[in-house]
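Novice: In case it helps, the numbering used here puts the sequence shown at residues -5 to 367. Pasting in a structure now, in structure tokens, and then I'll have a few things to ask.
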Amino acid sequence: KIVNGKTVNVCSFRTTMHFFPILSMRLPARIALAAPAYYHTFFDVGYALSRSQSSHHQHIKHMRFFSRDYRTRGDLTVSFSSSSFEPPLPPESLGRSIFPDVDMSSAVTTSALARNSEPSTVYVVTGSNRGIGFGFVQSLLNRTSGRIVACCRNPDDADDLSTLAGRYPERLYLTRLDLSDQLSVEETADFVSSKFGRVDVLLNVAGILGGVDDPGPERSLRAVDRTWAETSMSINAIGPLMFAAALAPIMTRVDPRKNAKVPSAVVVNVSARVGSISDNGLGGWYSYRMSKAALNMATRTMSHELLRRGAIAIALHPGTTETDLSAPYRSSVVSERIFPVDFTVGQLLDLVDRVKSDHTGGFYDWAGKALPF
């Protein structure tokens, strides 16, 4: 009960999210989520909000959400991340996006509600053995009822993933995938097709940046290495494109002529803000920037074709997250902009639950803000 001692419905709760006057305080609330012809549930939520006002937009400056139940049928307005991390505002971009922002306080789409509650739903996650990919697998097992196909180059060495699969033998399936090997891409797609016959969400997470012993990321022209540049393009751009192409036939199960506004599947390509051409104000990181810019273009291009079939494609910037990929470079990032994996994963999945047809082809950050290409 949060408004004059009364349980709020979906519309008034959305109003409360926008206008309730609290600053940096935790407010426990019991919220009833119910709708005719749907299930209903109660869950406890605590949250803290503080807002900052700019001349053009009002942003949520800090937010902390705690949720005990992710799987809810009904007119669910919000699906909260379980992380207690309080992020700063996303930085402003150089350039302008042609896409609308994703309203993170809006209702979860009806397509997402159905997708998350159905045991027959299939999620495919690449790079699933560690970092954000592994976080996606863990979160999907908690917040959805569907099945997850966890792809990585060496499943036999993925101890944490194997342990998780042992706990969820009917929901979690491990399979080998090397995005630089077209035969591996096709074999994995064939496995998913023959085993499940459908894909509802493809999370293309796997990627490379480089480390101490690698040629990349290159900080100058003289450091650019052809082999490394080709490898970066292969894994970060070409591989995700080919995997999406291989799975596309089983992503579009509805006739778009009958239900064009309810996409049957979502392709999520995990990109990076440094892949934005207009936002490149520093230079450096040649191969990584080029490969992510190419991935953004692949996302934009496939979105047109997939939408005609009733599916959505988006590119997402997760922010600097505490993973092995970012470890060598986090020392130059202020601590408040280094995100825990559970926060990043929760934000991105909340965003995926809110994307609509007018977002398809867009490039978005973890807060739902449209980024320029």
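All C-beta atoms, glycine included, are put in the ideal place defined by N, C-alpha and C.
1) On the DSSP bridge list, what partners appear for R302?
2) Within 10 Å of its beta-carbon, does T317 have 16 or more other beta-carbons around it, so buried, or fewer, so exposed?
3) Do the CB positions of L319 and I202 come within less than 9 Å of each other?
4) According to the neighbour-count rule (16 or more other Cβ atoms, all chains shown, within 10 Å of its Cβ), is S105 buried or exposed?
5) Note down the Cα distance separating L342 from W360, rounded to an integer number of angstroms.
6) Going along the chain, which residues of its own chain have a beta-carbon closer than 6 Å to the beta-carbon of P84, five neighbours each way excluded?
7) Do L196 and V260 count as a contact pair if the criterion is CB distance below 9 Å?
8) To the nearest angstrom, report how far apart S226 and S100 are at their CA atoms.
9) N263 by DSSP, collapsed to three states: which one?
10) Who are the near neighbours of R109 in its chain, counting only those whose CB is closer than 6 Å to its CB and skipping five residues on each side?
11) Take P163 as the anchor and find which of M98, L135, R90 and T103 has the nearest alpha-carbon.
12) Can you grab the Cα-Cα spacing for the pair Q176 / P243, in whole Å?
13) Please list the terminal residues of the continuous beta strand (DSSP E) segment that includes A144.
14) Identify, in the order they occur along the chain, each residue of the same chain with its Cβ nearer than 8 Å to the Cβ of T221, setting aside the five sequence neighbours on each side.
15) Quick check: the Cα distance between V179 and Y282, rounded to an integer number of angstroms?
16) How big is the Cα-Cα spacing for G355 and L345?
17) Ordered along the chain, which non-local residues of its own chain (more than five positions away) have a Cβ less than 6 Å from that of S297?
18) Return the residue from the list T103, F128, L241 and V118 that minimises the CA-CA distance to D336.
19) Might you give, ordered along the chain, the residues of its own chain that have their beta carbon closer than 6 Å to the beta carbon of C146, omitting 5 neighbours on each side?
20) In this structure, does DSSP put V195 in helix, strand or coil?
21) Looking at I229: is its Cβ nearer than 9 Å to the Cβ of L173?
22) Can you check whether the CB of V186 is closer than 9 Å to the CB of L241?
23) To the nearest angstrom, report how far apart A369 and I271 are at their CA atoms.
24) Among D347, F333 and L365, which has the Cα closest to the Cα of R294?
25) Tell me where the alpha helix (DSSP H) around T225 begins and ends.
26) Residues in the same chain with beta-carbon distance under 7 Å from V349, minus the five sequence neighbours each way, listed in chain order, please.
27) Should N290 be labelled buried (16 or more other beta-carbon atoms within 10 Å of its own) or exposed?
28) Along the beta strand (DSSP E) that carries R170, what are the first and last residues, could you check?
29) Quick check on DSSP: helix, strand or coil for L310?
30) Leaving aside the five residues before and after P334 along the sequence, list all residues of the same chain whose C-beta is less than 8 Å from its C-beta, in chain order.
31) Beta strand (DSSP E) containing D359: first to last residue?
32) Would you identify the three-state DSSP class for H117, choosing helix, strand or coil?
33) How many whole angstroms separate the CB atoms of V143 and Y167, which I take to be in contact at a CB cut-off of 8 Å?
34) Grab the span of the alpha helix (DSSP H) containing V339 for me, first residue to last.
Specialist: On the basis of the data shown:
1) Your numbering for residue 302 matches position 308 in the sequence shown. DSSP lists no beta-bridge partner residue for R302.
2) Working through the sequence shown from its first residue, we reach residue 317 at position 323. It is buried - the Cβ of T317 has at least 16 other Cβ atoms within 10 Å.
3) For the purposes of this step, residue 319 is identified with residue 325 of the sequence shown, where counting begins at 1. For the purposes of this step, residue 202 is identified with residue 208 of the sequence shown, where counting begins at 1. In this structure, L319 lies near I202, with their beta-carbon atoms less than 9 Å apart.
4) Stepping through the sequence shown from its first residue, residue 105 is reached at position 111. So S105 ends up on the buried side.
5) Translated into the one-based positions of the sequence shown, residue 342 becomes position 348. Translated into the one-based positions of the sequence shown, residue 360 becomes position 366. Rounded to whole angstroms, L342 to W360 spans 6 Å at the Cα level.
6) For the purposes of this step, residue 84 is taken as residue 90 along the sequence shown, with counting starting at 1. If you ignore the 5 residues before and after P84, its C-beta comes within less than 6 Å of the C-beta of D359, A361 and K363, all in its own chain and listed in chain order.
7) Your numbering for residue 260 matches position 266 in the sequence shown. Your numbering for residue 196 matches position 202 in the sequence shown. Result yes, Cβ atoms of V260 and L196 sit closer than 9 Å.
8) Taking the first residue of the sequence shown as 1, we reach residue 226 at position 232. Taking the first residue of the sequence shown as 1, we reach residue 100 at position 106. Roughly 36 Å separates the two Cα atoms.
9) Taking the sequence shown and counting its residues from 1, the one referred to as residue 263 is at position 269. Three-state result, N263: strand.
10) Translated into the one-based positions of the sequence shown, residue 109 becomes position 115. Hits under 6 Å: T115 and D194.
11) For this step, residue 163 is matched to residue 169 along the sequence shown. Checking every option, the nearest Cα to that of P163 belongs to L135.
12) Here residue 176 refers to the residue found at position 182 of the sequence shown. Here residue 243 refers to the residue found at position 249 of the sequence shown. Put simply, the backbone Cα of Q176 is about 17 Å away from that of P243.
13) One-based indexing of the sequence shown puts residue 144 at position 150. From DSSP, the beta strand (DSSP E) with A144 extends over R141 to C146.
14) Counting from 1 along the sequence shown, the entry for residue 221 is found at position 227. Here the set comprises P209.
15) Walking along the sequence shown from the start, residue 179 turns up at place 185. Walking along the sequence shown from the start, residue 282 turns up at place 288. Going by the C-alpha atoms only, they are around 22 Å apart.
16) Locating residue 355 in the sequence shown gives position 361, where the first residue counts as 1. Locating residue 345 in the sequence shown gives position 351, where the first residue counts as 1. Cα-Cα distance, rounded: 14 Å.
17) Residue mapping note: residue 297 aligns to position 303 of the sequence shown, counting from 1. The answer, listed in chain order, is A307, T354 and G355.
18) Here residue 336 refers to the residue found at position 342 of the sequence shown. The option with the nearest alpha carbon to D336 is F128.
19) Taking the first residue of the sequence shown as position 1, residue 146 is located at position 152. Hits under 6 Å: S122, N123 and A152.
20) As a first step, residue 195 must be located in the sequence shown, where it is residue number 201. The three-state secondary structure of V195, taken from DSSP, is strand.
21) Within the sequence shown, the letter at position 235 stands for residue 229. Within the sequence shown, the letter at position 179 stands for residue 173. Taking the C-beta atoms as reference points, L173 is found nearer than 9 Å to I229.
22) Reading the sequence shown from its first residue, position 247 is the one you call residue 241. Reading the sequence shown from its first residue, position 192 is the one you call residue 186. It is a contact, given that the beta carbons lie within the stated cut-off.
23) The requested residue 369 does not occur in the structure, where the chain is confined to residues -5 to 367.
24) Locating residue 294 in the sequence shown gives position 300, where the first residue counts as 1. Per the Cα distances, L365.
25) In the sequence shown, counting from the first residue as 1, residue 225 sits at position 231. Unbroken alpha helix (DSSP H) run through T225: R220 to M227.
26) On the sequence shown, residue 349 is found 355 positions in, with the first residue counted as 1. The answer, listed in chain order, is V96, V260, I306 and I308.
27) Numbered from 1 along the sequence shown, position 296 holds the residue referred to as residue 290. Result: buried.
28) Position 176 of the sequence shown holds residue 170. L166 to R170 is the span of the beta strand (DSSP E), which, as asked, contains R170.
29) As a first step, residue 310 is located in the sequence shown; it is residue number 316 there, counting from the start. Three-state DSSP puts L310 in a strand.
30) Residue 334 sits at position 340 when you count from the first residue of the sequence shown. For P334, where only same-chain residues beyond five positions count, the Cβ hits under 8 Å are S77, F79, T315 and E316.
31) Indexing the sequence shown from 1 puts residue 359 at position 365. Note, D359: beta strand (DSSP E), F357 to D359.
32) Locating residue 117 in the sequence shown gives position 123, where the first residue counts as 1. Looking at the sequence shown, residue 117 is not His but Tyr. Three-state DSSP puts Y117 in a strand.
33) Counting from 1 along the sequence shown, the entry for residue 143 is found at position 149. Counting from 1 along the sequence shown, the entry for residue 167 is found at position 173. Confirmed, about 5 Å.
34) The residue given as residue 339 occupies position 345 in the sequence shown. Unbroken alpha helix (DSSP H) run through V339: V335 to V346.
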